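Chemist: Numbering (the UniProt record's numbering), first residue to last: 1 to 514. Note that the Cβ used here is the ideal one computed from N, Cα and C, for glycine as well. This structure is a prediction, so every number in the text was calculated from the model and none was measured.
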Ligand code: NDP
Ligand code: BG6
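1. Quick one: any contact between the segment 343-363 and the segment 499-506, if contact means 3 or more CB pairs under 8 Å?
2. Closer than 8 Å is the cut-off here; do at least three beta carbon pairs connect the segment 258-274 with the segment 293-306?
3. Is any non-hydrogen atom of the ligand NDP found closer than 7 Å to the C-beta of residue 149, if you look at the structure I gave you?
4. Heavy atom of the ligand BG6 less than 7 Å from the Cβ of residue 243, yes or no?
5. Please find out if some non-hydrogen atom of the ligand NDP comes closer than 7 Å to the beta-carbon of residue 102.
6. Write down the C-beta distance between residue 27 and residue 135 rounded to the nearest angstrom, noting that I regard them as a contact closer than 8 Å.
7. Using 8 Å as the threshold, is the C-beta distance between residue 184 and residue 465 below it?
8. Could you compute how far the alpha carbon of residue 493 sits from the alpha carbon of residue 514?
9. Going by beta-carbon coordinates alone, are residue 426 and residue 414 separated by less than 8 Å?
10. At what residue ranges does the segment 139-205 contain a whole run of the beta strand (DSSP E), taking only runs of 3 or more?
11. Would you mind sorting residue 433 into buried or exposed? The rule is 16 or more other CB atoms within 10 Å of its CB.
12. On the three-state DSSP scale, how would you describe residue 458?
13. Quick one, which of 331, 217, 319 and 232 has its alpha-carbon nearest residue 281's?
14. Could you tell me if the beta carbon of residue 173 falls within a distance shorter than 7 Å of some heavy atom in the ligand BG6?
15. Determine the closest residue to residue 404 out of 373, 379, 395 and 222, with distance taken between C-alpha atoms.
16. Looking at the secondary structure, which residues open and close the alpha helix (DSSP H) in which residue 290 lies?
17. Flag residue 84 as yes when its Cβ comes closer than 7 Å to any non-hydrogen atom of the ligand BG6, and as no otherwise.
18. Would you decide whether residue 2 is buried or exposed? Buried here means 16 or more other CB atoms lie within 10 Å of its CB.
19. I want to check one thing, is the minimum distance from the CB of residue 260 to the heavy atoms of the ligand BG6 below 7 Å?
20. Which residue spans inside the segment 49-117 form an unbroken beta strand (DSSP E) run of at least 3?
21. Tell me, please, which residues DSSP counts as bridged to residue 400.
22. Taking the alpha carbon of residue 104 as the reference point, which residue from 215, 250, 393 and 113 has its own alpha carbon closest?
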């Protein structure tokens with residue numbers, strides 16, 4: 001790659017692009033929360049460790065609870081000790097901690113936002129230079145709108161607008177709970193920010209292997225000719241978790257697998273798998289292609305026996321221990337109609353994918369933690385090998401393993417050595433850890449850095465969220481109307497409910513056991 005090519009777009013430059021990032025203040029709303037401790041502070045620390053923060057970097061926590069600066073620094077230090085992928089290096093952290101402070105205030109209090117603006121102005125004055133401010137909204141969604149509105153009325157949203165160091169905002173998920181609320185949130189955002197200032201996060205897009213998917217698809221000549229309905233039989237996207245709802249029952253009851261995982265994470269995986277090659281890795285070019293594919297998806301039939309399956313985990317054995325069912329979990333109503341597992345069959349009505357089903361599934365308390373995209377190819381035509389006990393021809397499968405044990409595997413048929421002609425499906429495996437080692441940045445590191453440097457490629461545009469909600473809102477409405485009627489169950493520690501198997505069996509397919 002020539003020098004000019006490598007500097008043309010940040011996506012092509014890996015993580016070595018902080019040079020030129022202006023002095024930056026990251027303001028975290030909800031700074032005393034779980035996400036801040038588990039992901040955001042460790043991400044900032046690791047960016048500092050890798051020397052990827054601008055030389056003048058400031059971290060400001062914001063929340064209702066009054067926390068003195070010293071105490072916030074101590075909380076942050078503990079968070080790094082507990083959750084960072086690297087051990088705390090005192091020299092690295094001292095430098096960041098020296099520029100770490102806290103502002104207390106409610107999320108709908110104009111006076112508090114005026115104080116925050118003064119706090120940022122004081123940093124700027126002390127530095128003697130303008131700073132860009134990246135607001136990270138890491139609160140429950142109920143306060144997204146008041147925060148955005150007050151960023152507008154306080155003038156914080158429009159600082160240095162028209163210049164490269166304008167204000168930016170990262171908004172956490174969930175982005176709305178249906179089409180109407182997502183449109184409402186987009187409307188509130190648009191009344192305060194310009195779209196290029198807005199970074200809607202889906203942390204799956206920050207995962208190394210998800211970015212790897214783009215490279216594997218578009219930097220290799222062998223895949224593209226096969227990437228269509230002529231060769232691909234169907235696609236399976238699995239995001240299976242071993243964890244149950246744990247202590248998040250309050251949140252999860254209002255959410256469920258469709259809102260929590262399918263509508264966002266699995267749909268992003270689908271969009272990257274199915275989109276047309278973008279004209280460049282420019283954020284708009286990539287997002288244009290994702291939107292096109294989302295809009296080409298045929299409306300779903302939410303009726304039982306249609307395109308969906310939903311279920312709750314019942315008690316079962318996991319890791320040798322008896323695990324209780326969802327309805328027995330803390331904070332969960334015994335009458336709950338919230339699904340912990342969802343499976344969907346999608347058809348994309350365009351030239352490339354007509355007639356190729358895409359199956360998505362996601363669930364909690366499943367047999368194994370695994371996220372993968374499996375491309376199953378058509379069987380070879382009229383085989384010259386006679387079907388006999390010795391011949392075991394499997395369809396070729398290309399499986400992108402997102403996590404854990406990240407990599408790419410290809411299943412093909414090989415000959416078993418020996419004088420007889422015996423075949424057996426064999427696997428060719430590429431593993432990131434074997435080839436590159438296991439020191440991979442966390443998704444939030446990549447995403448915070450991208451937002452700081454102004455690269456929106458791995459963030460979701462407003463029309464993308466709406467296209468996805470457009471598809472799923474009728475399903476959610478039908479499920480709500482049906483209540484528990486049609487809700488299946490699966491044993492904790494299993495691969496999901498019978499209704500999900502039936503969804504594929506109707507098309508003469510089976511779920512893979514990744
Ligand atoms: P928390 O429940 O920990 O809340 C974050 C902070 O927001 C709290 O410390 C509190 O700070 C403030 N807060 C809490 N409840 C309310 C309320 N009802 N009204 C106003 N303020 C409130 O959330 P998380 O940190 O877990 O999540 C933050 C965001 O990130 C959410 O949008 C979540 O969906 C998303 N997310 C979280 C993940 C996780 O693993 N935690 C994973 C992916 C996304 P204070 O009282 O000081 O104001
Ligand atoms: C979050 C969901 O978005 O993703 C959680 O709210 C889920 O319920 C988590 O556990 C899974 O993320 P990961 O990166 O662990 O696969």
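Modeler: Taking the coordinates as given:
1. yes
2. yes
3. no
4. yes
5. For the ligand NDP, not one heavy atom lies less than 7 Å from the Cβ of residue 102.
6. The beta-carbon distance between residue 27 and residue 135, rounded to whole angstroms, is 5 Å. This is short enough to meet the 8 Å contact definition.
7. no
8. 14 Å
9. Between residue 426 and residue 414, the gap from beta carbon to beta carbon is short of 8 Å.
10. 168-171 and 198-200
11. exposed
12. coil
13. 217
14. yes
15. 373
16. Residues 283-295.
17. no
18. Low per-residue confidence applies at residue 2: pLDDT is 40, beneath 50, and the placement is therefore not dependable enough to give any value.
19. Checking the Cβ of residue 260 against the ligand BG6 gives yes.
20. 57-63 and 100-104
21. Note: residue 400 sits in a beta bridge opposite 373 and 408.
22. 113
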